Amino acid sequence: MGKCRRQLALCLWALVLIFLVGGVGFAQEEDEPLVNIMLFETDLRESLSEISLQTGVTIIADQTVSGQVTADLQDVPLEKALRMILFTGGLSFRKVDDYYIVGLPDPRNTTFSALVETEIVRLNNITAQEVIDQLPTFLSTYVRGTPGGNILTISAPPLELERIKNLIRQIDTPRRTVEIKVLVTEVSSSALKELGNSWLEFTAVKGQSVSDDWKGSIGFDGSVLELGTDIWGELLTRLRMLEQNQEAEIHADPRVLVADRETAELFIGDLQILPIRADDEETSRIERVEVGVILKVTPTILPDDHILLNLAPEVSHFVSEARPDLVVKRNSVSTTVRLANGQTAVLAGMTMQDFYNLSRKVPILGDIPIIRWLFRNDIKGEGDREVLVFVTPGIQ
């Protein structure tokens, strides 16, 4: 008796399961009916009307729907059938309540708002303009955002909306950073000529560096060069030795972190505040003058962990250091180099010329003929200094 009851219960559960599965199947069939139609160069509007009559689903075509279509559809779900016959004309569709609307998803179209869905996406790592620039043109027309902001408004047909969101997820990733080490030094041109290339030559042989098989070398010939890795400390040591001999001067050894493809600007120098009075003016004015080295660095991380480094240094100095005035000489250069992670680039060829003519004298006595030379001191001189900028990027 108990066995019969168990069998009866199992049969009832089986019937319930069949009913539920069948009900789901019927519901799915009701939600999206199948299309069976053969079209040969048929007017698109007529084709949509025929599909509407066959499936019992209302399909409204706006004024932008036109053209002809050829297709053989057998047991094709309704929405797939619509995609197949509409995509060649750039048309789109959207289900609204229990009917479909078909048209051109163009903002100038009066039915655009009915054809699209709108979502707001907040970006975490990049700006709205960066996303718009990287999206394909046929998708970027659906996206709006403030160039420097981090919020995007997307108004697009459902399929394009999902495609845009997937692309944004791939684009909006944390940006890598690069540590930029900069060394700016002035070296006497005469000292450079006397020392030749040997002072800036480094070699590492087996057993003298990080690994047994590492080897690297660099040289300087007055142009932009790539320097081998693991030489920063030795470079500083040699520059310090020249500085002790008053043949070089190290201005700064700064480091800065900058995001990939962003620009960092470093200023190494002095801010001079000078009172200026013209010959025909009784009052003087104050001028603020910056002199030194301005360096703009833009790193771009390449897929192989190399770095494309855009460098734009500008060197400025007073023509006369003994008596600073508003006569400022500027040298600038811009270049792009490809470096391995941790390599060093050196920028050279920027020469600073210093001319000065200064007289110091005792009032009245310094102007008396014959004896005035005992009471005045005339200083004249000139000199050249080579500005060297060493830049070493390291991916963090």
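Last residue of the sequence shown: 396 in the working numbering, with the numbers rising by one and none dropped.
C-beta atoms are modelled at their ideal positions from N, C-alpha and C, and glycine is treated no differently.
Model, not experiment: these values are computed from the prediction.
- Counting along the chain, the unbroken alpha helix (DSSP H) around V131 starts and ends at A128 to Q134.
- Per DSSP, P158 is not a residue of any beta strand (DSSP E); the alpha helix (DSSP H) it occupies stretches across P158 to I171.
- The residue among V333, E314 and L183 with its C-alpha nearest the C-alpha of F390 is L183.
- Annotation for D75: L34 and N36 place their beta carbon closer than 7 Å to its own, counting only its chain and skipping 5 residues before and after.
- In this structure I51 is not in contact with Y99, their Cβ atoms being roughly 13 Å apart against a cut-off of 8 Å.
- Under the 8 Å Cβ criterion, the segment 62-75 counts as touching the segment 37-45, having at least three qualifying pairs.
- In the three-state reduction of the DSSP assignment, G89 falls in the helix class, which pools H, G and I.
- Straight-line spacing of the CA atoms in N166 and V187 works out to 54 Å.
- Under the DSSP assignment, Q68 falls in the beta strand (DSSP E) whose first and last residues are Q68 to P77.
- Note on geometry: alpha-carbon atoms of M84 and G145 lie some 32 Å from one another.
- Remark: C-beta atoms of I180 and V256 approach each other more closely than 8 Å.
- Here the C-alpha atom of T335 lies approximately 43 Å from the C-alpha atom of E119.
- Annotation: T58 is outside any alpha helix (DSSP H); the continuous beta strand (DSSP E) that includes it extends over T58 to A61.
- Assignment of R144 by DSSP, reduced to helix, strand and coil, places it in the strand class.
- About 7 Å separates the CB atoms of Q396 and R176; that is less than 8 Å, so the two are in contact.
- Sequence-distant partners of S140 (beyond 5 residues in either direction) whose C-beta falls short of 7 Å from its own C-beta, in its chain, are I132.
- Secondary structure of T55 (DSSP, three-state): helix.
- A distance below 8 Å separates the beta carbons of P157 and S92.
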